[in-house]
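Read through the structure below, which is laid out as structure tokens, and then see the notes.
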Amino acid sequence: ITMVKSSLPPGFRFHPTDVELILYYLKRKVLGKKLHFDLIAELDIYKFSPWDLPDFSNLKTGDLKWYFFCPRERKYANGARTKRATEAGYWKTTGNDRSVIYDNRVVGMIKTLVFHLRRAPQGQRTDWVMHEYRLQDASLANDVVQVTFRAHPMCLFA
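Residue numbers (full-length UniProt numbering): 1 to 158.
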């Protein structure tokens, strides 16, 4: 894992919109195009507990959000389900996927997941929430996902 710690100059914030995350950051990453700043770390987040992830973030801010490019791994070789278990628990999907629309067309999808301690179905819900971004283009969708963590889910529903 290559760790490059980026810090933005005073006054600058990294607050990309859903469209920017999909069309600029994620699409460029999947297509192998250069990103001008190394703001989003590449990490298999499922090898770590969520409370350990902030240490791997390239951005050190006071925000309770961290961004990662994460490879998508299938639970079963020939299946469609994504592997989302960690040693400490698992990420459980909540709600329906949301469409990201740009120029009157769907360019990506967002899936919301909540971390549960232990194993299903006895898992205990935590305050760790993840937003998984994926491209709509089927030829690109399986390569990389982008995730955001928030330690306080109240921010999501405000």
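Note that the Cβ used here is the ideal one computed from N, Cα and C, for glycine as well.
With 16 other CB atoms within 10 Å as the buried threshold, where does residue i fall?
i: residue 111; result: buried
i: residue 28; result: exposed
i: residue 26; result: buried
i: residue 12; result: exposed
i: residue 36; result: exposed
i: residue 31; result: exposed
i: residue 3; result: Caution applies to residue 3, whose pLDDT of 49 falls short of 50 and renders its modelled position unreliable; the value that the coordinates give is listed next. Exposed: under 16 other Cβ atoms inside 10 Å.
The beta strand (DSSP E) spanning residue i covers which residue range?
i: residue 98; result: 89 to 102
i: residue 125; result: 124 to 135
i: residue 69; result: 65 to 71
i: residue 110; result: 105 to 117
Round the Cβ separation of residue i and residue j to the nearest angstrom and send it over; I've been treating them as touching at under 8 Å.
i: residue 136; j: residue 95; result: Not confirmed; about 18 Å, so no contact.
i: residue 88; j: residue 57; result: Going by Cβ atoms, the distance from residue 88 to residue 57 rounds to 19 Å, so no, they are not a contact pair.
i: residue 41; j: residue 68; result: 5 Å
i: residue 60; j: residue 73; result: That pair is no contact at about 28 Å.
i: residue 45; j: residue 53; result: 6 Å
i: residue 100; j: residue 18; result: 5 Å
i: residue 149; j: residue 66; result: 5 Å
i: residue 43; j: residue 70; result: 6 Å
Under DSSP, the alpha helix (DSSP H) around residue i begins and ends at which residues?
i: residue 29; result: 27 to 30
Answer with yes or no whether the minimum CB distance from residue i to chain B is below 8 Å.
i: residue 93; result: The displayed structure is made up of one protein chain only, and chain B is not part of it.
Across the stretch 119 to 137 and the stretch 6 to 24, are there enough close Cβ pairs to call them in contact, namely three or more that are closer than 8 Å? By the criterion of at least three beta-carbon pairs nearer than 8 Å, the stretch 119 to 137 is in contact with the stretch 6 to 24.
Taking contact to mean 3 or more Cβ pairs, one atom from each stretch, closer than 8 Å, check whether the stretch 90 to 105 and the stretch 115 to 126 are in contact. yes
If you scan the stretch 10 to 50 from start to end, which runs of the alpha helix (DSSP H) of 4 or more residues do you find wholly inside it? 27 to 30
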